[in-house]
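Remarks on the structure that follows.
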Amino acid sequence: MGGAWIVWGNSFSGKTTFVFQRAQYLAGFGKVLFNSCEEGDNPALQNAG
Numbered sequence: 024m025g026g027a028w029i030v031w032g033n034s035f036s037g038k039t040t041f042v043f044q045r046a047q048y049l050a051g052f053g054k055v056l057f058n059s060c061e062e063g064d065n066p067a068l069q070n071a072g
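Throughout the sequence shown, residue numbering follows the working numbering, covering 24 to 72 in sequence.
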């Protein structure tokens with residue numbers, strides 16, 4: 024079973040935090056792929072590991 028989510032919202036509305044929280048939960052069931060189309064060198068992504 025698979026799926027895809029598109030998360031959209033205003034800047035600084037908590038999208039990245041929300042997605043990382045969901046990804047952490049879903050990783051308990053299998054592989055998770057995070058693909059950002061506009062984050063660039065966001066420190067949140069560098070610290071996500």
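All residues carry an ideal CB built from backbone N, CA and C; glycine is no exception. Note that the structure is predicted; figures quoted are calculated from it, not measured.
Listed in chain order, the non-local C-beta contacts of Arg45 below 8 angstroms within the same chain comprise Trp28, local neighbours out to five positions each way being set aside. In the structure shown, Phe43 adopts helical secondary structure according to DSSP, grouped into three states.
Restricting attention to Phe52, Ser36, Lys38, the CA atom closest to the CA of Gly26 is found in Phe52.
Secondary structure at Lys54: coil, using DSSP grouped into helix, strand and coil.
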